[in-house]
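Residues 1 to 328 in UniProt numbering are what the sequence shown lists, from first letter to last.
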Amino acid sequence: MNVPCVRVPRESGEAARRRLADAGLLDHDHEITVAEGTLYIPVVDADAVPDDLAVVDYEPPARETQTTPADLLGFEPSYERLGDIVILDEDDPDRARDIADAIVASDLTAETVVNRASKVKGELRIRDWDVLVGESTETVHREYGHEFRLDIDTVYFSPRLATERHRVVEAVREGERVFDMFAGVGPFAVPAAAAGAAVVACDLNEAAVAFLRENAARNDVADRLTAIHGDVREVADDYEGWADRLIMNLPHSASDFLDTAVRLASDDCVIHLYDIQHEDDPFGPGLAAVRAAAEPTYEVDVVTEHVVRSYAPHEYNVCLDVRLTKRA
Numbered sequence: 001m002n003v004p005c006v007r008v009p010r011e012s013g014e015a016a017r018r019r020l021a022d023a024g025l026l027d028h029d030h031e032i033t034v035a036e037g038t039l040y041i042p043v044v045d046a047d048a049v050p051d052d053l054a055v056v057d058y059e060p061p062a063r064e065t066q067t068t069p070a071d072l073l074g075f076e077p078s079y080e081r082l083g084d085i086v087i088l089d090e091d092d093p094d095r096a097r098d099i100a101d102a103i104v105a106s107d108l109t110a111e112t113v114v115n116r117a118s119k120v121k122g123e124l125r126i127r128d129w130d131v132l133v134g135e136s137t138e139t140v141h142r143e144y145g146h147e148f149r150l151d152i153d154t155v156y157f158s159p160r161l162a163t164e165r166h167r168v169v170e171a172v173r174e175g176e177r178v179f180d181m182f183a184g185v186g187p188f189a190v191p192a193a194a195a196g197a198a199v200v201a202c203d204l205n206e207a208a209v210a211f212l213r214e215n216a217a218r219n220d221v222a223d224r225l226t227a228i229h230g231d232v233r234e235v236a237d238d239y240e241g242w243a244d245r246l247i248m249n250l251p252h253s254a255s256d257f258l259d260t261a262v263r264l265a266s267d268d269c270v271i272h273l274y275d276i277q278h279e280d281d282p283f284g285p286g287l288a289a290v291r292a293a294a295e296p297t298y299e300v301d302v303v304t305e306h307v308v309r310s311y312a313p314h315e316y317n318v319c320l321d322v323r324l325t326k327r328a
């Protein structure tokens with residue numbers, strides 16, 4: 001069936017699509033089509049299209065709509081995707097089961113659906129899960145061009161922090177020496193090595209380190225990444241003064257390891273310190289802790305004060321980026 005379409009050269013298609021979208025004129029029941037270098041963009045009202053855009057009759061394919069969990073439930077459920085695992089955070093087990101059933105019946109691709117059954121706990125930072133659909137809690141998660149195999153039953157991993165990890169890794173320069181003090185399965189360490197850094201990544205969780213080594217190989221950076229199972233306070237003996245960049249992603253207790261971070265720091269080192277603090281002073285306590293650990297040996301300068309996300313009422317998960325410069 002012919003429908004009105006804006007016809008533009010392919011290279012002008014995105015600009016035209018944005019104009020039409022902003023004007024509410026896109027026809028979402030039909031696909032945008034490319035034919036012989038020309039783009040055909042279906043519209044709902046030919047008369048409302050700006051005069052400088054050509055409108056023609058064309059027969060684009062109908063858009064195949066997918067059934068979402070919300071279509072089946074009558075409300076928009078909250079969930080996270082981690083590879084082919086869907087993660088729920090529902091206090092009501094009946095509601096969690098209803099959502100899991102809707103996910104299975106929808107067109108959403110999922111091998112496993114789990115509901116959080118505990119908070120993150122213990123020094124290994126893992127939690128309990130209610131497995132509602134499927135059997136395996138292992139998956140392969142893809143993030144900014146990298147792959148991470150992991151098992152949520154034995155390691156900690158938050159897909160919510162993908163943008164924050166990317167922010168930090170974008171600052172990494174080829175030839176840097178990066179030390180990830182609480183590395184997990186490598187979501188900071190692997191991309192940093194891919195950016196050309198020499199990386200040492202440490203974690204107390206033996207399962208996480210096994211996945212970290214696998215993920216380094218999976219992403220072709222094993223030659224630039226040293227994965228170490230152990231307490232970073234003990235590992236630091238072999239890397240004193242080594243690090244040009246330190247990643248301290250252990251928000252509730254990273255400040256307790258700042259003495260170790262200072263031991264690891266080179267003469268010019270950037271620290272990414274993650275913290276949980278009250279909204280009234282989200283960065284002050286972290287900065288005070290850095291100064292207490294590093295001064296007077298180092299000059300301390302704030303590079304960035306960055307709110308990562310809301311953590312709890314009146315509390316933020318924040319990252320304080322500071323530069324340590326050794327005084328002569």
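Note that CB positions come from ideal geometry on N, CA and C, so glycine has one too.
Check: Measuring only the C-alpha atoms, how far is residue 143 from residue 162?; Outcome: 7 Å
Check: Of all the alpha helix (DSSP H) runs that stay within the bounds of the region 92-159, which reach a length of 4 or more residues?; Outcome: 93-105
Check: From which residue to which residue does the beta strand (DSSP E) around residue 69 run?; Outcome: Residue 69 -> not in any beta strand (DSSP E); alpha helix (DSSP H) instead, spanning 69-73.
Check: Relative to the C-alpha of residue 178, which residue among 184, 167, 196, 166 is closest?; Outcome: 196
Check: What's the C-alpha gap between residue 241 and residue 18?; Outcome: 51 Å
Check: Under three-state DSSP, which class holds residue 260?; Outcome: helix
Check: Relative to the alpha-carbon of residue 9, which residue among 37, 258, 21, 1 has its alpha-carbon at the smallest distance?; Outcome: 37
Check: For residue 227, tell me which candidate among 212, 316, 192 has the shortest Cα-Cα distance.; Outcome: 212
Check: Who are the Cβ neighbours of residue 69 in its own chain at under 7 Å, not counting the five residues just before and after it?; Outcome: 77, 99, 102, 103, 106, 108
Check: Which residue's Cα is closest to the Cα of residue 2: 57, 35, 156?; Outcome: 57
Check: Quick one: residues in its chain with C-beta nearer than 7 Å to the C-beta of residue 156, no 5 flanking neighbours on either side, listed in chain order?; Outcome: 120, 125, 126, 184
Check: Figure out for me which residue from 33, 90, 29, 45 has the closest Cα to the Cα of residue 62.; Outcome: 29
Check: To test your reading of the DSSP string, which unbroken beta strand (DSSP E) runs of 3 or more residues are found completely within the region 196-249?; Outcome: 198-203, 225-229, 243-248
Check: Ignore the nearest five residues each way along the sequence and tell me which others in residue 169's own chain have a CB closer than 7 Å to its CB.; Outcome: 188, 191, 192, 195
Check: Quick check: residue 309 and residue 317, are their CB atoms within less than 8 Å of each other?; Outcome: yes
Check: Taking the beta strand (DSSP E) that residue 9 belongs to, which residues open and close that run?; Outcome: 3-9
Check: Could you tell me the alpha carbon to alpha carbon distance between residue 321 and residue 273, rounded to whole angstroms?; Outcome: 6 Å
Check: Give the DSSP-derived three-state secondary structure of residue 314 in the structure shown.; Outcome: coil
Check: Can you tell me the Cα-Cα spacing of residue 137 and residue 23, whole angstroms?; Outcome: 44 Å
Check: Report the rounded CA-to-CA distance for residue 114 versus residue 59, giving the unit in angstroms.; Outcome: 43 Å
Check: Which residues does DSSP pair with residue 306 in a beta bridge?; Outcome: 319
Check: Quick check: residue 225 and residue 243, are their CB atoms within less than 8 Å of each other?; Outcome: no
Check: For residue 293 versus residue 258, is the C-beta distance shorter than 8 Å?; Outcome: yes
Check: Starting from residue 80 and walking both ways along the beta strand (DSSP E), at which residues does that stretch end?; Outcome: 80-82
Check: Are the Cβ atoms of residue 230 and residue 204 separated by less than 8 Å?; Outcome: yes
Check: Do residue 270 and residue 307 have their beta-carbon atoms positioned less than 8 Å apart in this structure?; Outcome: no
Check: Nearest to residue 81 by alpha carbon, out of 159, 289, 74, 214?; Outcome: 159
Check: Pull up the DSSP beta-bridge partners for residue 289, would you.; Outcome: According to DSSP, which records beta bridges pairwise, residue 289 is partnered with nothing at all.
Check: Between residue 315 and residue 276, how many whole angstroms is the CB-CB distance? I'm expecting something under 8 Å.; Outcome: 6 Å
Check: Along the chain, where does the alpha helix (DSSP H) containing residue 163 start, and where does it finish?; Outcome: 162-170
Check: Can you tell me whether residue 255 is buried or exposed, with buried defined as 16 or more other CB within 10 angstroms of its CB?; Outcome: buried
Check: Can you tell me whether residue 284 is buried or exposed, with buried defined as 16 or more other CB within 10 angstroms of its CB?; Outcome: exposed
Check: In the structure shown, what three-state DSSP assignment does residue 31 receive?; Outcome: coil
Check: State the beta-bridge partners of residue 277 as determined by DSSP.; Outcome: 316
Check: According to the Cβ coordinates, are residue 45 and residue 73 closer than 8 Å?; Outcome: no
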